[in-house]
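Here's the structure we're looking at; comments come further down.
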Amino acid sequence: MSESLPEAEQIKRESRYLRGSLRESLADKATGALREEDTHLSKFHGLYQQDDRDLREERRQQKLEPHFQFMLRLRLPGGVVTPQQWWGLDRIADEYADGSLRLTTRQTFQFHRVFKEDLPSLIQDLDVLGLDSRGACGDVNRNVVTNVNPHLSASHQTVYEAAVQISERLNWRSAAYEEVWLNQPAKQTDDEEEPFYTHRYLPRKFKVAIALPPHNDCDVLANDIGLIAIEENGKVIGYNIAVGGGMGMTYGDRATYPRLATPVGFVPADQVVDACEAIVAIQRDHGCRTNRAHARFKYTLDDHGLDWFKEQFAQVHGQPLEDLRDYTLTDSGDRFGWTEDDKGFHHLTLCIPSGRIRDFEHLKLRTALHDIAKIHSGEFRITCNQNLIIARVSAEERAAIQERVDHYALDDGSRSTPLARNAISCVAFPTCGLAMAESERYLPELTGKIHALMEAAGIGQDTIHLRVSGCPNGCARPYLGEIALTGKAPGKYNLFLGADTGGQRLNRLYRENIDESQILTDLKPLLERYAQEREADEGFGDFLYRDGVLSAHAGSEDFHQPLIAQG
Amino acid sequence: MNASLPPSPLSDAQRQQIDALARELNEQQLDWVQGYLAGYRAAQQSAGAAPSATQPQGAKLTVLFGSQTGNAETLAERLTEQARAKGLEVECLDMNDFPVRRLKKEQRLAIISSTHGEGDPPDNALGLHEYLHGRKAPKLPQLQYAVLSLGDSSYEHFCQTGIDFDERLAALGGKRLTKRVDCDVDFDEPADQWITALLDQLSSEQPGGEPGPSPTTPPASVSQPQSQYDRKHPFSAPLLDRVRLNGRGSGKSVHHIELSLEDSGLSYTPGDSLGVYAQNDPRLVEQLLAQAGLDGEQIVTLKDESLTLAQALQHHLELTRLTPPTVQQWAKLSESSELHTLTENKRELIQWLHGRDLLDLLQSFPIEGLDAQTLVDHLRRLPPRLYSIASSQAAVEDEVHLTVAAVRYEQREREREGVGSTWLADRLTLDDNAPVFIDRNKNFRLPENGETPIVMIGPGTGIAPFRAFMQEREALEQPGKNWLFFGDRRFRTDFLYQREWLQWRKQGLLHRLDVAFSRDGPEKVYVQHRIREAGGELWRWLEEGAHVYVCGDANAMAPDVHEALIDVVASQGHRSRENAEQYLREMTRDKRYQRDVY
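Chains A and B, in that order, are what the protein sequence lines are. Numbering-wise (my numbering), the first sequence opens with residue 156 and increments by one. Numbering-wise (my numbering), the second sequence opens with residue 4 and increments by one.
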C-alpha cells in the first residue's frame, strides 16, 4: 500500500512527527542544504530551501554547490504585529536575511536569503518576540487570513480573534519545532503528540480565510475554506461557509484547475472553529494521498460532490449546516490613505509595491517604517494585497506619522498609478524554486507599459486589477485578476483576462506563451474599446464579458484552452 | 642500426624491441645499457650461486636523497645511472629508507638534499639530519663523501640543509670527495658539473681501472614507460579549460586548469606535481625596458642562444623575485654605496628583497649605460613552477588538472603578481600551450593497499592532490575509507571542488568531511581545530592503520596541523607529548604520514 505513496507522503509519515534528521542536517557544515528528506519536512516548520537561481549555472561551472538559502515565512493569523515586534523583525531582516521584509498575499512576513547556519538563531529570536513559523508552509492548515476593515472595528476584532483561534486549533503540535529550533531536549515520540493530524498530516496544504462583507480584500473564495462573516446590528452572528477554493494548477495537466470556493451553508459564530476543524478532518480522511496534484480539498469535493460533503460535515461536526445568509462582496482591493473608525482611531493604508520592504536607492522604505514603529503605539496590519496598514493611530499621533510619511515620500495611494498600487506579484526569480519567469522584478516595468496604454486610451486614472505570478501555482492569486500573467518560460507568459473586481469570478486563458510585445499588442485594442464603450462603474473584466470578448467557463478544462490560438 | 651479429637467440618481437631501443639511444645511454646488461647477468648468477662472481673493485657508492618535490630524487637517479655506466657499484636510497646505523660502515657517500622554507630539511631527511646532529652521531673517519644541495636563493637560508650535511660530516671526520655545490632553482647545469666532478674523482681512485658494472638490481625507472619529455625538454600542453573556483564576492582567485597531455607519452601518479614553464607579464617587461632605457628588439645571448632582449625577459629570466646573488652582482656594477652596505648583511638584504622585484631594483639603483647583455647576465633563469596535480589519469586519461591560486598583491603603489599563477590564470589563452613536465613525488603516494584508510588534510589549494587521490580510488574501486579536512576563508565562495566532495560523500566514497572556514564567524576556525574536535575518531583511524597526508602551506598550516596531530595522539592515545611525537615519527618512517607542503 505505502509503496505507491508519493515520496512526500512517505517522508512525513516516517518523520517521527516532523523531526526527521533536521538536527543532523543543520549540523552538517559541508553543505548549505538540508538532506533531501528534510527539505520536505522543513516546510512544516515554515521554511523553504531555495537557491539563488541567478547564480545556479555559474556556480555549477565553478564546481560549487548551488547558493542555498532559505525562505522563512511567519505564521501570523490576521496579519497583525505590534511596533515592538516590528523592530524585532526589522533587526532580524538585517542580521539573518537579505535586509528586506516581504509582505505576502497570505498576510504575513517572509524572510529571504537566510543561510542554514542562521536558521536556529532566527527562529529563537522570533520566539522571543512571541512569533513563530510553525505550519506556515507544509501539508497542514496555513496562515489564517482575514480582511482588514478598520471602519468596523468591533466586528473586525471578532473576525481577527476567530482567525487566531482557528490557526491555534489547526496548528500541528509535536515538540519537533521546540527540539529542532529552540534547543529543547529530544523526547520519546508517541502518538499523543499529534492527536488531530496524526502522523499523516494532510494530503496537501490547506487554507482558511475570513471576509467581512462587503469587502473581500482577502479573496475569500480562493481558499479551501472561505468564511464570510454575517453581521446583525453591528455584531458578527456567524459565518457563511464556502468550500473548495484554490488557485493552483499544473500546465498541461487538464485534471488540475483553479476553483472558487462554493458557499454551502451557515454556522453560528460560536461554532466556527469546530466547524473548520470538522472540514479539515474530512479532507484529512478523504483527500487523495496518492497523487499530490490531485490532493487539494477542491478535488476531494469535485470527486465526491457537495451533497456528500454536507452529509460528512453533519456527521463529523455533529450538526448540519444552516441555510446560507445573504451577503454582498464588492471589492477585493485595498482602500489607501487615512480612514477613521467608529472609536475615533485613525488608520493609514500604505502601498508597498510587491510587498517588498527594503531600503531602495530612492525609497528608504524599511528605515521609514522602522522610524514610524518608534513613535507608533497602535499596530501594523498586513493586507492580503501585500500592503500595510498603520492601524489604531490616535488623533494626536496622526500628525507625527504623516510627517514621516511625507519625509520619506511613502505612498499613501497618491504617489502611484491606480494600476500599480492595485497590482500583485509573487516573488519568483531569483529565489523561488518554482518560478518559470520573472514576477516581482518585472512588475514595475510591466505596470509602466500597461499604464501607458491606459493613459493613451484616456483611462490612466482608472483601476484595473493586474496580477503576475512566475508560475501557475497561484501565490499572486492570478486567476482572480482582471488582467493576469502566469510565467511559462523566461520572458514568456500565459495571459488571462476577465475576473471581476470582487473576487467572485475567475478569469479565462486568453493567449498562451507570449512575450511582452504580444501581451501589449493584445491589451491595446481591448483597453481602447473599454475606454470607449464601458458603462458607468463597469470594470474591465466585466466589460470583456459583456462585450463578448470572453464567454463564461464551460468547464474546468477551459483553463488549459486559450481563447486565441497561438500565432 | 643493424650490426652484424651471430644468429640471434631472440624471438622476432624481442629482436624488434631491442633494435628499436638501440636506435633511440645516444652514446652515453648505450654505454649504460651495456653495463646494465652485464650487471644484470652477474646479479642473476650470484643470486643462485656463491657470491664469488666478479666483485667490482672499490667500495660501493651510496647515494642518498632528501627531497620534497622530487628534484633531488631525479638528480640522485641521474648520478646513479652515470655511476653504473662507469662500472661503479652504487646504491640509491631515499634518506628515509637508509638505516642510520649503517653510516659507521659507509665508505663512499653522496648526499643530494633540498631545503625547506626556513632552512629546514625535507621530511624524508629529518631523521638522518637529526641523527647526525644528535649525541649518538658516530665518528666517521672512514667516510668519503660529497654533497649537492638544492635551494632557492631568494630565501634567507639558501641550501641550508646541504650545508648542514656537508659541514657536519666534515666535523665527524669525513673527507670530501669533491666540493659541495649549492644549486639555485636553475639547478641542471651546476648539478651536472658536480656529478661529473664526483664521478671523475671516484674513477681516478678506482683500483685496477675500469671494472665491469656492478651487480645491483635494475633501477625502477627502467621498467617505467619513458616519455621523451622531461624537465629539460618540456611538453607543450594545450590549455583545455579554465574556471575560477571561487564564487562571486570572494577575495580569492583560485583557478581550476585543465591541460592536455595527449600524444606526449607523459604519465603521472596521484601525488606528483606538474612543472610549468611560465612567462612573465609583457606589461612588466615593457616597464622594465622603459626604466632601463633599453630597446627590447636588440639581440642578446642566453646560453649560446640568440634572441631579443624582450623575449629573454619575458620567457627566460626571473623578474618578479630578486635573489641575493643578483643584488650582490648588481652592487658591483652600481656606484651606490647604499646598495653596497645593504649587501653586506644578508639578513637585512633578505628583508629588503622581500616584496621587491627587478623593477624596484632598477628604480632604486639605476646603472648608467647599462647594456642589454649585462642585464641579462645578471639575472637568474626563470625556474619552472611546480603545482600538485589535481587529477588521476585513471579518471581523466590524457588530461592533467591543476588548482592554482593567482598570486596578486599591491606593494609600493604597484600591482604585483606571481608569474606562474597569473600566467596560468590570466594570460594563457585557450589557443596557447603550456610547457610542462612531470615532477615525481614518491613521498606522496596513496597506500599500496587499496583497503587502507586515508586521512587527507588539505586547506586551500592543498586540496589538489586529494582530488587526484579520490579520482584514483574511485576509478580503481578501492574500498579503503577516506576522510578529508578542508579549510579556507568562506564556506559559500571558497569551498574548492565542493560539488565533487559532496558527490563523493553521497556515493559513500568519502566517509567523513570536516571543513573549517576562517572568515565566516567571529572566531577564526582552521583545520587544526577540526582535527582536535574529531580527535576520538581520528585516533581510531590511526590505530586502524590510516595514512595521513598533509598538503598546502608550509609556514603556518603544516606546523599547526602537526601540533594538532601530536595533541590527538597524546590525548586519545594516553601518551606523553614525547611519546606522541615518536608515534608520528614512526608514522613518517613507515610512510604513513606524508606531507607535500610549500
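Cβ atoms here follow ideal geometry from the backbone N, Cα and C, with glycine treated the same way. All values reported here derive from a predicted model rather than from experimental measurement.
- Relative to the Cα of residue 471 of chain A, the nearest Cα in the group A:217, A:440, A:166 belongs to A:440.
- The beta carbons of residue 504 of chain B and residue 458 of chain B sit no closer together than 9 Å.
- Remark: C-beta atoms of residue 129 of chain B and residue 168 of chain B do not approach each other more closely than 9 Å.
- Under the 9 Å criterion on CB atoms, residue 498 of chain B is classed as interfacial with respect to chain A.
- Between residue 513 of chain B and residue 285 of chain B, the alpha-carbon positions lie close to 44 Å from each other.
- In the three-state scheme derived from DSSP, where H, G and I count as helix and E and B as strand, residue 656 of chain A is classed as coil.
- Taking 3 residues as the shortest admissible run, the region 653-711 of chain A contains the following complete beta strand (DSSP E) segments, listed from N- to C-terminal end: 663-669.
- Counting along the chain, residue 256 of chain A sits inside the beta strand (DSSP E) bounded by residues 256-258.
- Chain B places a beta carbon closer than 9 Å to that of residue 186 of chain A, counting this residue as a contact.
- Using a Cβ-Cβ cut-off of 7 Å, residue 216 of chain A is close to 246 of chain B, given in chain order.
- In the structure shown, residue 423 of chain B falls within a helical segment according to DSSP collapsed to helix, strand and coil.
- Contact annotation for residue 220 of chain A against chain B: 501, 502, 505 [CB-CB distance below 7 Å, chain order].
- Cβ contact annotation for residue 166 of chain A (same chain, cutoff 8 Å, sequence separation greater than five): 175, 192, 195, 196, in chain order.
- Boundaries of the beta strand (DSSP E) around residue 259 of chain B: 257-263.
- Under the Cβ distance rule, residue 179 of chain A does not count among the residues neighbouring chain B, no pair being separated by less than 9 Å.
- Ranking A:369, A:208, A:511, A:423 by CA distance to the CA of residue 391 of chain A puts A:423 first.
- Shown in chain order are the members of the region 507-532 of chain B whose Cβ falls below 9 Å from a Cβ of chain A: 508, 516, 517, 518, 519, 520, 523, 524.
- Counting other Cβ atoms within 10 Å of its Cβ, residue 283 of chain A stays below 16 and is therefore classed as exposed.
- Only exposed fits residue 482 of chain B, as fewer than 16 other CB atoms lie within 10 angstroms of its CB.
- When secondary structure is reduced to three states using DSSP, residue 349 of chain B falls in the helix class.
- Closer than 9 Å to the CB of residue 493 of chain B there is not a single CB belonging to chain A.
- In this structure, residue 487 of chain A lies near residue 372 of chain A, with their beta-carbon atoms less than 9 Å apart.
- One thing to note: residue 329 of chain A has its Cβ no nearer than 9 Å to the Cβ of residue 230 of chain A.
- For residue 431 of chain A, the enclosing alpha helix (DSSP H) stretches over residues 427-441.
- DSSP places residue 516 of chain A outside both helix and strand once states are collapsed to three, so it counts as coil.
- For residue 213 of chain A, the enclosing alpha helix (DSSP H) starts and ends at 211-216.
- For residue 277 of chain A, the closest Cβ of chain B is not nearer than 9 Å.
- Counting along the chain, residue 250 of chain B sits inside no alpha helix (DSSP H), nor does DSSP assign it H or E at all.
- Within the model, the alpha-carbon separation for residue 466 of chain B versus residue 20 of chain B is close to 41 Å.
- Counting along the chain, residue 383 of chain A sits inside no alpha helix (DSSP H); it lies in the beta strand (DSSP E) bounded by residues 380-387.
- Proximity of residue 518 of chain A to chain B, defined by a Cβ-Cβ separation below 9 Å, is not satisfied.
- Looking at the DSSP output, residue 524 of chain A bridges to nothing.
- Excluding residues up to 5 positions away in sequence, 112, 172, 177 lie with their Cβ nearer than 6 Å to the Cβ of residue 148 of chain B in the same chain.
- Residue 201 of chain A is not a Cβ neighbour of residue 285 of chain A, given a cutoff of 9 Å.
- Residues of the region 376-406 of chain B with a C-beta less than 7 Å from any C-beta of chain A: none at all.
- Close to chain B, meaning a Cβ-Cβ distance shorter than 8 Å, are the following residues of the region 201-213 of chain A: 210, 213.
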